[in-house]
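What follows is a short report on a single structure.
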Amino acid sequence: MKIAVAKEIDPSEPRVAASPDTVKKFKALGAEIAIEPGAGIKSGLPDSEFTAVGATVSADALKDADIIIKVKRPEASELAQYKRGALVIAIMDPYGNEAALKTIADAGVSAFAMELMPRITRAQVMDVLSSQANLAGYRAVIEGAEAFGRAFPMMMTAAGTVP
C-alpha cells in the first residue's frame, strides 16, 4: 500500500498531515510512504527528516498513491493528480460544501472526514478536533502572555511569588 503525504496548497496553512514519527509508524506496518517536496517546510520539517525515516520525496507522490493524507480537503486542481479509487484522509469540512464533495466523488476518490471521527476512547488517537483545539489553546496562552507584557500574577519562584 502506498501512502502519500500531500503538500498543502493554501499559502496560509502551516501544518503537514504527517510527521517523521508518523512516517516511521506507517513504515513499520509495511506501507510505502511518499511525500511531496516541501510538504513539511512550513511546519519546520525539511524533506531530509522524512527521508531519514524511509519516505521518498517525489513531485509525483500523489499520482499512484492508494491513500493520500492532507490537512485540508483537496481542491479540484489537486484531484486531477489522484488516481481513481484513491482514498483521501483530511479535514473535509463537509457541511455547506456539497459542491466540493461532489467534485471529489466525481473524481472517483473516496474521502474520510477526520473531524467526523467518533469522539470515543478507541478513536481518541485520531481525534483531530481535540488535538487541534489543545494546540490552539496552548498557543493562545503563549500569545496572551506575550501581549500582557508583565509576569503573570501568582508565578512562584524560589525567591517567592511574583506579584
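Position one of the sequence shown corresponds to residue 50 (the working numbering), numbered consecutively onward. The beta carbon of each residue, even a glycine, is placed where N, CA and C say it ideally should be.
- Boundaries of the beta strand (DSSP E) harbouring residue 83: 81 to 84, taken from the DSSP string.
- In the same chain as residue 138, and ignoring 5 residues on each side of it, the C-beta atoms closer than 6 Å to its own belong to 118 and 161, in chain order.
- Between the segment 109 to 116 and the segment 127 to 141, the count of C-beta pairs closer than 8 Å reaches three or more; the two stretches touch.
- Counting along the chain, the unbroken beta strand (DSSP E) around residue 53 starts and ends at 51 to 54.
- Residue pairing from DSSP places residue 161 in a beta bridge opposite 138.
- In the DSSP annotation of this structure, the continuous segment of the alpha helix (DSSP H) that includes residue 191 starts and ends at 177 to 197.
- Contact fails between the segment 192 to 203 and the segment 161 to 178, because fewer than three Cβ pairs, one in each stretch, are under 8 Å apart.
- For residue 81 against residue 56, the beta-carbon gap comes to about 18 Å, at or over 8 Å, which does not count as contact.
- In the structure shown, the three-state DSSP call for residue 118 is strand.
- In this structure, the straight-line span from the alpha carbon of residue 78 to that of residue 188 is close to 33 Å.
- Here residue 63 has 91 and 92 as same chain residues with Cβ atoms under 7 Å from its own Cβ, once five neighbours each way along the sequence are excluded.
- Assignment of beta strand (DSSP E) within the segment 91 to 117, counting only whole runs of 3 or more residues, yields no such run.
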